Structures are given as structure tokens and as C-alpha cells.
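Residues 1 to 184 in the working numbering are what the sequence shown spells out, letter by letter. Note that the Cβ used here is the ideal one computed from N, Cα and C, for glycine as well. Here the structure is a predicted model, which is why all the values come from computation and not from measurement. A short write-up of the structure that comes next.
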Amino acid sequence: MHGQPPREEPAPTYPSPAASGLAPVLERNIRALHERRKKDEAEASGEERIAEAITRFTGSMRFVYIHLAMFGFWIVANLGWVPGVPKWDESFVVLAMIASVEAIFLSTFVLISQNRMQAAADKRADLDLQISLLAEHEVTRLVSLVQAIAERLKVESDVDHELHEIKQDVAPEAVLDEIEARRS
1 MHGQPPREEP
11 APTYPSPAAS
21 GLAPVLERNI
31 RALHERRKKD
41 EAEASGEERI
51 AEAITRFTGS
61 MRFVYIHLAM
71 FGFWIVANLG
81 WVPGVPKWDE
91 SFVVLAMIAS
101 VEAIFLSTFV
111 LISQNRMQAA
121 ADKRADLDLQ
131 ISLLAEHEVT
141 RLVSLVQAIA
151 ERLKVESDVD
161 HELHEIKQDV
171 APEAVLDEIE
181 ARRS
């Protein structure tokens with residue numbers, strides 16, 4: 001070790017910041033959706049926020065552990081297995097009543113949260129439908145434009161016989177009526 005130069009540790013390397021790889025319009029859309037979600041959360045009523053917090057907590061492992069500890073202690077104490085602790089609910093009727101009342105309230109909080117989530121899902125479904133209808137309308141207009149260009153250039157295609165149908169806008173009410181008619 002005497003004649004060798006001291007070993008230098010390699011300098012730490014940091015990866016260069018990677019470009020997101022997303023098109024600017026996608027980044028804008030993601031940002032807009034994120035902002036909308038934050039706005040919707042901010043507009044939630046106090047009751048909805050409380051119900052959401054309770055639902056979030058009751059859906060956690062911490063909630064399970066607390067209940068395991070509380071109910072476990074209740075059971076072993078009332079079985080007489082804990083020295084120095086008198087039995088207070090030998091038939092476990094009080095424990096059953098507490099668990100039943102808790103279940104009623106918890107299910108109500110979960111339903112409140114689910115209703116809020118369903119309302120948000122309905123908004124997203126409406127947005128999806130509107131975007132799909134807009135895209136379909138734009139494609140219909142493009143088909144008409146491409147057909148006009150093809151006619152002007154005297155280009156024939158194997159799908160010319162389908163163009164009349166493709167060039168028509170979709171009537172969402174008619175589609176929904178047909179779907180409902182086939183379900184019955």
C-alpha cells in the first residue's frame with residue numbers, strides 16, 4: 001500500500017432529468033384534470049369531507065389493528081382470562097350491540113363516499129361521451145372532405161359504397177334507444 005496513490009472514490013453520478021416524453025397537449029390535459037380534481041375536492045361539503053376521512057381511516061390496516069386490540073381485549077377480559085380485570089359483558093351482548101351500531105354508521109359513511117365517487121364517475125363518463133361525439137363528428141367531416149378531394153382527383157375506392165353511411169353523424173339518442181330496445 002506504500003507506493004500506490006490513494007484510491008479516489010468515483011464522483012456520484014446523477015441521472016439527467018428525463019423529458020416527460022408526453023406531448024404538450026397531454027401534459028396540459030393531465031394538468032387540467034389534476035386541477036379539476038383538486039377543485040372538486042375543495043368544493044366538497046364539510047359533511048362529505050368528514051365522511052371521506054372516516055371511510056379512508058376505516059379502510060386502513062390501522063383501523064383493523066385497533067379493532068383487533070379492542071375486541072380482542074374485550075373478549076379475553078370477559079372470558080376471565082385477564083387477572084384483576086372484572087368481567088363486565090359475560091354474554092357479549094354489549095360488544096355485539098357496539099359492533100352493530102358501528103357497522104350501521106360505517107356503512108352509511110361508505111355509501112356517502114361511494115355516492116360522491118359515483119357523481120365524479122358520472123361527470124367523467126359525460127366528458128368521455130362528449131369527446132367521443134365530437135371526435136365522431138370531426139371524423140365524419142374529414143370523410144366528407146376526403147371524399148370531395150377523391151372525387152375532384154377522380155380517385156375511386158373499394159369503400160365508395162360505404163361512404164354515404166360513414167358521412168352521417170351519429171345520433172346518440174337513436175343509439176341509446178336501440179341499445180335499450182335490445183335489452184328488453
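N- and C-terminal bounds of the alpha helix (DSSP H) containing residue i
i, result
"residue 139", "93-152"
"residue 40", "24-42"
"residue 74", "61-78"
"residue 84", "Where residue 84 is concerned, there is no enclosing alpha helix (DSSP H), given that its DSSP letter is neither H nor E."
"residue 156", "From DSSP, residue 156 is part of no alpha helix (DSSP H); its letter is neither H nor E."
"residue 175", "172-183"
Local Cβ density within 10 Å of residue i, reported as buried at 16 or more and exposed below that
i, result
"residue 113", "buried"
"residue 116", "buried"
"residue 51", "buried"
"residue 29", "exposed"
Cα-Cα separation, residue i to residue j
i, j, result
"residue 201", "residue 108", "In this structure the chain extends from 1 to 184, so residue 201 is not present and cannot be described."
"residue 158", "residue 146", "14 Å"
"residue 88", "residue 100", "18 Å"
"residue 77", "residue 180", "59 Å"
6 Å Cβ shell around residue i - same chain, five flanking residues per side excluded
i, result
"residue 58", "106"
Anticipated Cβ contact below 8 Å, residue i with residue j, distance rounded
i, j, result
"residue 95", "residue 71", "7 Å"
Sequence-distant residues of the same chain with beta carbon closer than 8 Å to residue i, five excluded per side
i, result
"residue 63", "57"
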